[in-house]
Amino acid sequence: MKPDVYIKKIPIWYGSNPSSKIQSRYAAKFRDKIARNLYGIDDLQIQYGNKGKPFFINSRLCFNVSHSCRMVCVVFYDKPVGIDIEYIRPRKMMDQLASRYFHKDELCKFKSLDNRIEYFYRIWTRKESYLKFLGIGVGGNLKKYSTEGKPKNDGKDVIIVSYVKGSYYISYTYQD
Ligand SMILES: CC(C)(COP(=O)(O)OP(=O)(O)OC[C@H]1O[C@@H](n2cnc3c(N)ncnc32)[C@H](O)[C@@H]1OP(=O)(O)O)[C@@H](O)C(=O)NCCC(=O)NCCS
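In my numbering, the protein residues as written are 166 to 341.
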C-alpha cells in the first residue's frame with residue numbers, strides 16, 4: 166500500500182476565506198466520510214498524541230489532514246504519515262522565514278532563484294509534512310536537516326513527495 170491523498174475544495178457557501186475552525190470541521194468530515202466509505206471503518210473515534218497528532222482509536226489505519234484557504238486534504242496509509250498543503254501566494258517576510266527555518270542547502274537554492282515563491286512553499290510543505298509524519302509539531306529543529314537531502318527516522322530513509330496542484334503546494338511524508 167502507498168499513501169492515498171484526497172483533496173477537496175470547501176464550497177463557496179462557507180465563505181471565500183473560511184476560518185480555520187470551519188476548515189478544521191470540514192476536513193474532519195471529509196476524513197470520516199472517506200474512512201467509512203472507502204476503508205470500511207465504522208468506529209471513527211479519535212485520540213490525540215501528546216503533541217496533538219490525531220489517530221483512530223480502534224483502527225490501525227493512519228491518516229493526517231491539512232487545510233489552507235479553501236482547500237482540505239487528507240492522506241491515509243497503513244503506517245505513520247504526514248501531509249501539508251499551502252496556498253501559493255506572495256508572503257511578507259518570506260526571506261526572513263526562509264533564513265530562520267531552512268537548512269543552509271535549502272536556503273542557498275532559495276536565494277539563487279529569480280522566482281522564489283514556489284520553491285519557498287515546496288520546502289515549507291516538505292518540512293511541515295515531515296514534522297507531521299513524526300508527530301512532533303513545531304518542536305523539531307527545522308534548520309538541522311535538508312528535506313531535499315535524505316531525512317531519516319529511526320535510521321531509515323523517509324520519502325517526501327511534493328507536487329503543485331492548481332494554486333497549492335502539497336507534500337506528504339511516509340516510510341516504506
Ligand atoms: C499544528 C501543526 C502540526 C500544523 O499546523 P498547520 O500547518 O497550521 O496546519 P495544517 O492544516 O497543515 O494541519 C492541521 C492538522 O494537523 C493535525 N495535527 C495537529 N497536531 C499534529 C501533530 N503534532 N502532528 C501531526 N499532525 C498534527 C490535525 O489534524 C490538524 O487538524 P485541525 O487543525 O483541523 O485539528 C504544526 O506543525 C504547526 O503549527 N506548524 C506551524 C508552522 C511552522 O513553524 N512551520 C515551519 C515550516 S518551514
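Backbone N, C-alpha and C fix where the C-beta goes; we use that ideal spot for every residue, glycine too.
Below 6 angstroms CB to CB, which residues in the same chain sit around Val323 once its five sequence neighbours on both sides are set aside?
Pro316, Thr338, Gln340
Among residues of its own chain, excluding the 5 on either side of Val326, which ones have a beta-carbon nearer than 6 angstroms to its beta-carbon?
Counting only Cβ-Cβ distances below 6 angstroms, and skipping sequence neighbours, we find Tyr337.
Have a look at Tyr204 and Tyr295 and give me their C-alpha separation to the nearest angstrom.
24 angstroms
With DSSP as the reference, please indicate the residues paired to Glu356 in a beta bridge.
Here the chain comprises residues numbered 166 to 341, so residue 356 is not present and cannot be evaluated.
Identify whether Lys309 lies in helix, strand or coil by the three-state DSSP scheme.
helix
For Phe298, which of helix, strand or coil comes out of DSSP?
helix
I'd like to know whether the C-beta atoms of Met236 and Tyr328 end up nearer to each other than 7 angstroms.
no
Gly217: beta carbon under 6 angstroms from a heavy atom of ligand 1?
yes
Ignoring anything shorter than 3 residues or poking outside the stretch 221-290, list the beta strand (DSSP E) runs there in chain order.
227-233, 236-242, 246-252
Measure the C-alpha to C-alpha separation of Tyr179 and Lys321 and round it to an integer number of angstroms.
When rounded, the separation of the alpha-carbon atoms in Tyr179 and Lys321 is 42 angstroms.
Just to confirm, does Trp426 get its C-beta within under 6 angstroms of one of the non-hydrogen atoms of ligand 1?
With the chain running from 166 to 341 in the structure shown, residue 426 is simply not present.
In or out: Ser181 buried (at least 16 other Cβ within 10 Å) or exposed?
exposed
Would you kindly report the start and end of the unbroken beta strand (DSSP E) that includes Gln212?
211-213
Can you check DSSP and say which residues form a bridge with Ile204?
Per the sequence shown, the amino acid found at residue 204 is Tyr instead of Ile. Its beta-bridge partners do not exist; DSSP assigns none.
What's the C-alpha gap between Gln212 and Arg254?
Going by the C-alpha atoms only, they are around 33 angstroms apart.
Taking only heavy atoms of ligand 1 into account, decide whether any of them is closer than 6 angstroms to the Cβ of Asp260.
no
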